[in-house]
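In the UniProt record's numbering, the protein residues as written are 1 to 494. Glycine included, each C-beta is placed from N, C-alpha and C at the ideal position.
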């Protein structure tokens, strides 16, 4: 039964918990009697506002806390709970009652009602994240295209009525794509897609546009030129901004002046030049998904282009969330945390287990920590050759924290260099947790293997970010009735 507390009684309960934590700050043994008392107090605190469902999660957290204490990482444990307490104080000062009340992300994202049907053609569909955002903004996906069997299986299971073209985009003419969509040149409202980004990703070899894998970019531009959509949206990884047309080995840099094609950013300049040749009016910037209601820090380059005869200028979406809202932009809310995303999750689907070796090291890492929290004597052994390498190595033995957004999701969350370990449990984030963090509804069917799901959904455009982009295109471009647009509609029959 949930205990009822007055406001003052609840404050006393928080203070008693704080004092209980403080006495473990290296002063004495953490007995199981202490543990039982601690879990009892935490259970009381959370059930006041969150319900009894949290008790099992707290029990799991206590087991992790015991492991951290035994391994010598008690100070890190105490610091983590200190942050928890500070979070309570922040909420109290902001006028909220009691402990944080996390209702979680809605199980089914809300769809915008609009009167006019708008169409979108999806290229490089992947997990359908970008397209689902457009769908939630009131668009109809007329056709989807991807080379991946996993993408095809994903869409057939969740959107079986959408025509799907499976294969390399080079094998499909623009006429083929439009025919499958039931549209003619000039009739489609939006062409959307994120051409594969391996040549420009920090995880790739950065061979840039001379890499054959960059060809999809040019194919995407080809479809823009021939399909003449009213607008297009292109998504890319931030690494494209510093990519070079011609790779220069690190050992050769600084020994001679760089050629124009060897300069950082030369590849992106070529891409922009090609996009401008389409005649579309273009705007672009790097957007962080956390600024649009995604519980994840994930930066992506977003390009919006508008057909010039529409007589409007494209606008990127105004952010709705901020790490530290200042009130300068009305109704801006704080970033969503991992706890808010995962607090009411019901279906984990599956997860990649940590190897026994990696799990051994993770017992030393507190929430929000990484390899730097390992004992000094274990770091060389745990890190191997990476121990003496440069760079931040933030992903090595990384354990997430409840009170911040997730870092950018990766495709291999159980690997040493790219770990995404649960805040309390010694396991990688589950596939279900990936879906939640990316903004997919709980009803989304996963019909591929766990490994394939990590790849598919780990690379997706977060749905809340996609919806914000779709709304900006819808409201600032497509539904803005200017005289130029009326004439354009008559010209193109759109």
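Taking the alpha carbon of residue i as the reference point, which residue from the options has its own alpha carbon closest?
| i | options | result |
| --- | --- | --- |
| residue 577 | 176, 460, 153, 189 | In this structure the chain extends from 1 to 494, so residue 577 is not present and cannot be described. |
| residue 239 | 416, 302, 336 | 302 |
| residue 237 | 478, 475, 460 | 460 |
| residue 401 | 393, 387, 365, 389 | 365 |
| residue 162 | 187, 143, 128 | 143 |
| residue 376 | 361, 367, 315 | 361 |
| residue 349 | 124, 428, 176 | 428 |
| residue 313 | 281, 433, 324 | 281 |
| residue 164 | 229, 357, 124, 195 | 124 |
| residue 410 | 399, 444, 455 | 455 |
| residue 413 | 116, 219, 351 | 351 |
| residue 169 | 157, 155, 195, 421 | 195 |
| residue 275 | 219, 357, 261 | 219 |
| residue 502 | 254, 322, 381, 158 | Any answer about residue 502 is impossible in this case: the structure gives the chain only from 1 up to 494. |
Starting from residue i, trace the beta strand (DSSP E) both ways and give me its first and last residue.
| i | result |
| --- | --- |
| residue 192 | 190-193 |
| residue 234 | 231-236 |
| residue 429 | Segment: none, residue 429 is in no beta strand (DSSP E) and carries neither H nor E. |
| residue 299 | 299-306 |
| residue 178 | Not the beta strand (DSSP E): residue 178 falls in the alpha helix (DSSP H), residues 174-181. |
| residue 121 | 118-123 |
| residue 143 | 139-146 |
Nearest-angstrom Cα distance between residue i and residue j?
| i | j | result |
| --- | --- | --- |
| residue 345 | residue 437 | 11 Å |
| residue 407 | residue 335 | 12 Å |
| residue 425 | residue 128 | 30 Å |
| residue 75 | residue 243 | Low local confidence applies: a pLDDT of 48 at residue 75 is under 50, so the model's placement there is unreliable, and no value is given. |
| residue 176 | residue 235 | 23 Å |
| residue 373 | residue 296 | 23 Å |
| residue 304 | residue 379 | 45 Å |
| residue 88 | residue 385 | Caution applies to residue 88, whose pLDDT of 46 falls short of 50 and renders its modelled position unreliable; the value that the coordinates give is listed next. Distance between the alpha carbons of residue 88 and residue 385: 41 Å. |
| residue 478 | residue 273 | 25 Å |
| residue 250 | residue 369 | 31 Å |
| residue 475 | residue 118 | 12 Å |
| residue 73 | residue 363 | Residue confidence for residue 73 is low, a pLDDT of 48 falling below 50, so the modelled location carries little weight; the figure read from the coordinates is stated next. Approximately 9 Å, taken between the alpha carbons. |
| residue 444 | residue 341 | 16 Å |
| residue 264 | residue 247 | 9 Å |
| residue 171 | residue 306 | 26 Å |
| residue 116 | residue 355 | 52 Å |
| residue 325 | residue 283 | 25 Å |
| residue 332 | residue 357 | 44 Å |
| residue 255 | residue 277 | 35 Å |
Please report the Cβ distance between residue i and residue j, rounded to the nearest whole angstrom; I am assuming they are in contact, meaning their Cβ atoms lie under 8 Å.
| i | j | result |
| --- | --- | --- |
| residue 359 | residue 132 | That belief does not hold up - the Cβ atoms of residue 359 and residue 132 are roughly 34 Å apart, past 8 Å. |
| residue 446 | residue 463 | Actually they are not in contact, since the Cβ atoms of residue 446 and residue 463 sit about 15 Å apart, beyond 8 Å. |
| residue 233 | residue 192 | 5 Å |
| residue 469 | residue 317 | 6 Å |
| residue 146 | residue 126 | 6 Å |
| residue 267 | residue 245 | 5 Å |
| residue 338 | residue 405 | 7 Å |
Can you give me the start and stop residues for the alpha helix (DSSP H) that residue i sits inside?
| i | result |
| --- | --- |
| residue 130 | 129-136 |
| residue 284 | It is not in any alpha helix (DSSP H) - residue 284 instead sits in the beta strand (DSSP E) that spans 281-288. |
| residue 466 | 463-473 |
| residue 411 | Residue 411 -> no alpha helix (DSSP H), and no H or E assigned at all. |
| residue 359 | 356-362 |
| residue 157 | 149-158 |
| residue 267 | 266-276 |
| residue 457 | 450-458 |
| residue 338 | 338-342 |
Thinking C-beta only, is residue j closer than 7 Å to residue i?
| i | j | result |
| --- | --- | --- |
| residue 181 | residue 221 | no |
| residue 185 | residue 231 | no |
| residue 403 | residue 434 | no |
| residue 287 | residue 300 | yes |
| residue 294 | residue 439 | yes |
| residue 136 | residue 160 | no |
| residue 450 | residue 153 | no |
| residue 398 | residue 419 | yes |
| residue 308 | residue 367 | no |
| residue 472 | residue 252 | no |
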